[in-house]
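Engineer: One structure coming up, written as structure tokens, with questions to follow.
Chains as they are written, first to last, in the numbering used here: chain A, -6 to 297; chain B, -6 to 297.
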């Protein structure tokens, strides 16, 4: 925040409004694209189902002391032809960071003035899609802006979780992300890919949960416009990277064994989310609606 | 440790040997009792399966720096008539507590000399049974002795997890535990029941995971014999409290809706274990075999 006046760091109401409006726009683009995929799925064992549709539900966050701390909207589609369960949650929350959440944040970096004024504001979209067909990959997207009176930053990422890796799809996914990153800074893709490789690791199994993607957090170059533009492009790249893979794989046939592989893989996914995922931990610790926070859990999973 | 000489606190090899021998004996009693239940299940949708049998597998714990840090034996029965998946793990581990595990322990209580000499030894049995019939309750037992050069303590507990509560079974389960506790100290049952009510709470849903039982930790009255005897009685009471309920309910009929209720309840159980369970966190943080640590996860679960 090198050239921003103190007052602008302290409120940033205009930036917050633009960020949350973008997240709502992105959510709408995603939901529309996913419903189009449902409409065009005319083969496979679930072709006789009606095309899935998102249902929206408002969620409230209970703030400390019983006050209101913002909330969000869950968009959930269940039992579709292509998507077995997908949640696209948008949330804009604010309040005072509790001691545990303060410790989590300041363990990563210094946040000026947080101890004296622990207010925060955060807005973003979080998406996890568990697919009907084991031949289509599960997918995750998170994109957010975070603000405290002394700091602001962007974070997010997307990673692909095929049940069995298809090298061609992995290469395509990473290629689209790289192109989007490179338009902003040639250092971003290698750095944010490496971060994803580290972050999306199921440490206790010493195994990656999927085939990676990009992940970044605490992004604050001092140029809010530039960082916001990058975050917007990551959101757009998510659709460009994911949709063609699903489009291509959704009509491939699959067996009962493929389904077992999928259910076991989903068990590992649930382990990651409950043990390591930063957003899940933050959501549960700050009292957000657990139904929204845990929308990422698979509809069905096995630990055989 | 009022009357124990310093040297006795520092090694306690005889007590460690007696504790781990007891845990092995308890494990054998439990496995034998569970296999007898499998033999007597002659009705119900899975009566045509062969009676389930435990398989044993050694597990090793990788200590810091690549050394050997003890290990254990997993006893696992899968796909039985009564037990869909049950793991009875015994482990005896030792080594140096890492920084994270030290912080977890000293957040609860002072441990003299831990910073200078972070050695530890721990032995115990951990059991989770996920049942075939939704009419029989899932069950959990943990019982352990923990040692550091400056302290020792016992901990453990058991809690009943019916898919739908049966008041009579809850009363029976608690009655057996109370009788065992009362033989040692009339204050134990109320205190350890209250601790279980607090501990086995799925905080983010503000809902108990089951119908409770008892839980205690950091038990060190200074009289090792008395505390060990109590811990042994809790192990015996577990069998007396659980077996009659399962014996009674195992032949009751159940529906596809009952199964759905069971799968959803198991999802919540998995959430508890991965987000809150002290043993799971300790096991994953200290590098124990993840297959053993996560044996508690249900064979199948749903988040619809």
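From the three backbone atoms N, C-alpha and C, an ideal C-beta is built for every residue, glycine too.
(1) Opposite residue 293 of chain A in the DSSP bridges: which residues?
(2) Using a threshold of 8 Å, state whether the C-beta atoms of residue 326 of chain A and residue 256 of chain A are closer than that.
(3) Over what stretch of residues does the alpha helix (DSSP H) that includes residue 101 of chain A continue unbroken?
(4) Helix, strand or coil for residue 274 of chain B? Go by DSSP, reduced to three states.
(5) Sorted by chain position, which residues of the same chain lie with C-beta nearer than 6 Å to residue 53 of chain A's C-beta, five sequence neighbours on each side aside?
(6) Suppose you measure from the CA of residue 25 of chain B to the CA of residue 78 of chain B; what does that come to, to the nearest Å?
(7) Have a look at the DSSP bridge pairing and note the partners of residue 123 of chain B.
(8) Taking residue 98 of chain A as the query, report the chain B residues whose CB atoms sit under 9 Å from its CB, ordered along the chain.
(9) When the cut-off is 8 Å and only beta carbons count, does residue 268 of chain A lie next to chain B?
(10) Going along the chain, which residues of its own chain have a beta-carbon closer than 6 Å to the beta-carbon of residue 50 of chain A, five neighbours each way excluded?
(11) Note down the Cα distance separating residue 32 of chain A from residue 40 of chain A, rounded to an integer number of angstroms.
(12) Alpha carbon to alpha carbon, how far is residue 248 of chain A from residue 30 of chain A?
(13) For residue 162 of chain A and residue 74 of chain B, what's the separation of their Cα atoms in angstroms?
(14) Give me, in chain order, the residues of the same chain whose beta-carbon lies closer than 8 Å to that of residue 292 of chain B; leave out the 5 immediate sequence neighbours on both sides.
(15) Which whole-angstrom value is the C-beta distance of residue 94 of chain A and residue 278 of chain A, which I expect to be below 8 Å?
(16) So, is residue 81 of chain A buried or exposed, given that buried needs 16 or more other C-beta atoms within 10 angstroms?
(17) What residue range does the beta strand (DSSP E) around residue 197 of chain B cover?
(18) Tell me whether the beta-carbon of residue 147 of chain B lies closer than 8 Å to the beta-carbon of residue 224 of chain B.
(19) Could you tell me the alpha carbon to alpha carbon distance between residue 180 of chain A and residue 209 of chain A, rounded to whole angstroms?
(20) Using DSSP with H/G/I as helix, E/B as strand and the rest coil, what is residue 157 of chain B?
(21) Pick from B/101, B/89, B/133 and B/117: whose alpha carbon is nearest that of residue 262 of chain B?
(22) Should residue 260 of chain B be flagged as near chain A, meaning a C-beta pair shorter than 8 Å?
(23) When the Cα of residue 138 of chain A is compared with those of A/107, A/131, A/222 and A/89, which residue comes out closest?
(24) Shorter than 8 Å from the beta carbon of residue 250 of chain A to some beta carbon of chain B?
(25) Any beta carbon of chain B sitting closer than 8 Å to that of residue 283 of chain A?
(26) Count the other C-beta atoms from every protein chain shown that fall within 10 angstroms of the C-beta of residue 243 of chain A, then say buried if there are 16 or more, exposed otherwise.
(27) For a test of the three-state rule: what should DSSP assign to residue 6 of chain A, helix, strand or coil?
(28) I'd like the list of long-range same chain contacts for residue 12 of chain B, defined as Cβ closer than 7 Å, with 5 residues on each side in sequence excluded.
(29) Can you tell me where the beta strand (DSSP E) with residue 335 of chain B in it begins and where it stops?
(30) Which class does residue 247 of chain B belong to by DSSP, given the choice of helix, strand or coil?
(31) At a CB-CB cut-off below 7 Å, which residues of chain A make contact with residue 295 of chain B?
(32) Identify, in the order they occur along the chain, each residue of the same chain with its Cβ nearer than 6 Å to the Cβ of residue 226 of chain A, setting aside the five sequence neighbours on each side.
(33) Can you give me the C-alpha to C-alpha distance between residue 5 of chain B and residue 89 of chain B, rounded to a whole angstrom?
(34) List the residues of chain A that residue 164 of chain B touches, going by C-beta distances under 7 Å, in chain order.
(35) For a cutoff of 8 Å on Cβ pairs, would you count residue 277 of chain B as touching chain A?
(36) Could you name the residues of the same chain whose beta carbon sits closer than 6 Å to that of residue 130 of chain A, not counting the 5 residues immediately before and after it, in chain order?
Structural biologist: On the basis of the data shown:
(1) B/295
(2) Outside the displayed range of chain A (-6 to 297) lies residue 326 of chain A, so it cannot be described from this structure.
(3) 92 to 101
(4) Reduced to three states, the DSSP call for residue 274 of chain B is helix.
(5) Short of 6 Å from the beta carbon of residue 53 of chain A, and not among the five residues preceding or following it, lie these beta carbons of its own chain, in chain order: 64.
(6) 15 Å
(7) B/78
(8) By Cβ distance, chain B contributes nothing, its closest Cβ being about 18 Å from residue 98 of chain A, past 9 Å.
(9) yes
(10) Excluding sequence neighbours, residue 50 of chain A sits near 67.
(11) 10 Å
(12) 22 Å
(13) 43 Å
(14) 71, 77, 78 and 123
(15) 5 Å
(16) buried
(17) That residue, residue 197 of chain B, is in no beta strand (DSSP E); it is neither H nor E in DSSP.
(18) yes
(19) 12 Å
(20) coil
(21) B/133
(22) yes
(23) Looking at the Cα atoms, A/222 is the closest of the given residues.
(24) no
(25) Yes, residue 283 of chain A lies at the interface with chain B (some Cβ there is under 8 Å from its Cβ).
(26) buried
(27) Shown here, residue 6 of chain A sits in a helix according to DSSP, grouped into three states.
(28) 116, 138 and 221
(29) One cannot answer for residue 335 of chain B here, as it falls past the ends of chain B, which runs -6 to 297.
(30) coil
(31) 292 and 293
(32) 173
(33) 17 Å
(34) Within chain A, no residue comes near residue 164 of chain B; the closest Cβ sits about 30 Å away, beyond 7 Å.
(35) yes
(36) 153, 154 and 155
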